[in-house]
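Down below is the structure, laid out as structure tokens.
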Amino acid sequence: MNKILDSKYPYLSNYYSTAIAENRLFHSIIMYGSNIYMQYATSLELARQLNCLEDGREDCQCQNCRWIRENRHPAVMTISKIDNKTDSSKTVISEEQINQVLNNIAGSSDYHRVFIFCDAEIIKPSNEEKNDYNEFKTAGFNTPQGEDDKKIWYPNGINSKCFSSVGANAMLKSIEEPPSNVTFIFLTTNKDDMLQTIVSRSQIFYVPGIKFTKYDTSFFEKYFENYPYFKKESALDFSQCLLNYQTEKGLESEYIIDCIQYYLIQLLKINVKNTVIYNKILKDIKKAEESKRMLKAYIKEQIIYEDLAFYFAK
Ligand SMILES: [Zn+2]
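Numbering (my numbering), first residue to last: 58 to 371.
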């Protein structure tokens, strides 16, 4: 796939390549996480892989790859309150837009049609927003709308309020019984804000934000002072500490558990010779992995953190 996305999201890249090769990609995909720009780049890359006329290599110059990179391919459309719009509503993805999508997929096509749903605005970027934009460009793609020195197209996560209610209902039917060669992708920061009817029909991927590629362990380290002895009495405290930090910083629970795993792996490295501790750490790392699977099954974060804490205290 794309080397920037490959290095950032090896798991996703691998998954998509295999799913495309084996023809078992879901018709509806939700990406969630803090960096919508990278989700958008990942979606375009996926659309490129699905439509490439050659072997999908990164520098392929076939017409489909070029058009998708330039963001002007007729079969790869961004649907937001400001993109692909023919009516005058400014605040939502309208019924008319959804009808256009439905008309489009009613006919057949040689292309694999990809509809990327997000929220978007044209903004005067802050430095941070400009960095997000530059990183997106580095991945080799263009935004759906022109930009100049002062203004850029900036994507935001979609939530249930971004759709007109009639439009959302009309779309659900297609997600349920999709025509072949059509993929819907929804970009969001919080999957819980999405229409639950869409969530239940979609394959869900967490796309970590680049801002948090460093693992922060300082906020929970004190609970590990006497590790491998982890006090049972402090288990609830520990889980509350994780929850508070996550909320305060606006982080994803997957990231919190990644931080714990990272911390445990560091402990593993310094305890190679102590078999008892080493085995306990290994078990705890495995348990953290299980916690991540529980998150995917929509079990409440608090329950997962408590379960993890009591496991550590065993
Ligand atoms: Zn190509």
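We treat Cβ as the ideally placed atom computed from N, Cα and C, and that holds for glycine.
- The set of residues whose C-beta lies within less than 6 Å of a heavy atom of ligand 1 reads, in chain order, 109, 110, 111, 117, 119, 121 and 122.
- A straight line joining the alpha-carbon of residue 239 with that of residue 174 spans about 13 Å.
- The DSSP-derived three-state label of residue 351 is helix.
- Secondary structure note for residue 212: its beta strand (DSSP E) is the uninterrupted segment 209-213.
- Residue 256 has no beta-bridge partner at all, per DSSP.
- Straight-line measurement puts the Cα of residue 280 at about 11 Å from the Cα of residue 370.
- Distance from residue 98 to residue 196 at the Cβ level is roughly 4 Å; contact confirmed, criterion being Cβ atoms closer than 8 Å.
- Counting along the chain, the unbroken alpha helix (DSSP H) around residue 95 starts and ends at 93-108.
- Residue state for residue 85 is assigned as strand, using DSSP reduced to three classes.
- Excluding five sequence positions before and after residue 319, the CB atoms of its chain that fall closer than 8 Å to its own CB belong to 272 and 274, given in chain order.
- Rounded to whole angstroms, the separation of the alpha carbons of residue 103 and residue 127 is 14 Å.
- Per the coordinates, the alpha-carbon of residue 253 lies some 34 Å from the alpha-carbon of residue 340.
- For the options 120, 264 and 360, the alpha carbon positioned closest to that of residue 86 is the one of 264.
- In the DSSP assignment, residue 135 falls outside any alpha helix (DSSP H) and lies within the beta strand (DSSP E) extending over 133-136.
- The secondary-structure analysis by DSSP pairs residue 244 across a beta bridge with 88.
- According to DSSP, residue 170 shares a beta bridge with 239.
- When the Cα atoms are used, residue 225 and residue 152 turn out to be separated by approximately 8 Å.
- Nearest to residue 186 by alpha-carbon distance, out of 107, 168 and 211, is 211.
- Taking all protein chains shown into account, residue 110 has fewer than 16 neighbouring C-beta atoms within 10 Å of its C-beta and is therefore exposed.
- Between the C-alpha atoms of residue 357 and residue 95 there is a straight-line separation of about 26 Å.
- In the three-state reduction of the DSSP assignment, residue 176 falls in the strand class.
- Of the candidates 325, 295 and 330, 295 places its Cα closest to the Cα of residue 313.
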